[in-house]
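A.B. asks: Sharing a structure with you now.
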Amino acid sequence: MQKLSSYQVKQLHDHLIRQGATDALLYELLDHLVCEVEHYMWIGLPFETAFDKVVLEANDKAVHYLNTTYQTALDPNALRHVTLDDVVFEFRNKQYGAYDLRQSYRHSMRNALLLGIGLFLMGVVWIAALKQGSFSYWSGLGACWLIGVSCVGFAVGSWFLHSLRQRYLVVE
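And the structure:
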């Protein structure tokens, strides 16, 4: 792949300055534009044609949009309270609910784990009670049964309350 000369890189740099790129965004964009020009030259275009093609895409509207997006995305006050989910779902996926689904994974995993443990305990107690022919709540099996019922009840109740909250959630 052919590398650009310092003069050619300077032409791209000057173009970005003329379009109004800020210092913070200038070197990020310059790197991308240099790579794109090098790609066009690699597939056989001369520098002038590749430069014109890239300049058409990097017009003042695109640079202005990137400047405003870059400033809002990297606002120091907003970055102090950012979570991984905020980074992953920034400017996308919030519209169709993927962000909300991601936020409820922890609750869903907890409910699934409690439901599984509860049903397992209840199944073991039921099999043991059938084998013994008797059952008492005051025995070890009874305690396991009550723990299993409590786990299942908590998981089902938590799921029900969460679904009610989601149903009546007001989206702005």
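If you're matching positions, the sequence shown starts at 0 in numbering that gives the first Met the number 0 and goes up one per residue.
Ideal placement from N, C-alpha and C gives every residue a C-beta, glycine not left out.
#1: Can you find the residues in the same chain that come closer than 6 Å, C-beta to C-beta, to L25, ignoring five residues on each side of it along the sequence?
#2: Which runs of the alpha helix (DSSP H) at least 4 residues long sit entirely within the stretch 23 to 77? Give them in chain order.
#3: Work out the CA separation of G19 and D13 for me, nearest whole Å.
#4: Grouping DSSP H, G and I as helix and E and B as strand, with all else coil, what is F134?
#5: Where does the unbroken alpha helix (DSSP H) through L160 begin, and where does it stop?
#6: What is the rounded straight-line gap between the Cα of L112 and the Cα of T21?
#7: Thinking just about the alpha-carbon of each residue, which of I146, H63 and N58 is nearest to the one in L120?
#8: If you reduce the DSSP assignment to three classes, tell me which class K9 lands in.
#9: When the Cα of T68 is compared with those of A23, L118, G152 and S138, which residue comes out closest?
#10: Name the residue from A61, L140 and Y39 whose alpha carbon lies nearest to the alpha carbon of D51.
#11: Can you give me the C-alpha to C-alpha distance between F159 and M108, rounded to a whole angstrom?
#12: In terms of alpha-carbon separation, which member of G141, K2 and S133 lies closest to P45?
#13: Using beta-carbon positions only, say whether L32 and L65 come within less than 7 Å of one another.
#14: Closest to G117 by CA distance: which of K130, I42, C150 and H161 is it?
C.D. replies: If we stick to the structure as given:
#1: L15
#2: Runs of the alpha helix (DSSP H) lying entirely within the stretch 23 to 77, each at least 4 residues long, are 46 to 56 and 59 to 72 in chain order.
#3: In a straight line, the C-alpha of D13 is about 10 Å away from that of G19.
#4: coil
#5: G139 to R166
#6: 51 Å
#7: I146
#8: K9: helix per DSSP, three-state reduction.
#9: Measuring C-alpha to C-alpha distances from T68 to each of A23, L118, G152 and S138 identifies A23 as the nearest.
#10: Y39
#11: 15 Å
#12: K2
#13: no
#14: C150
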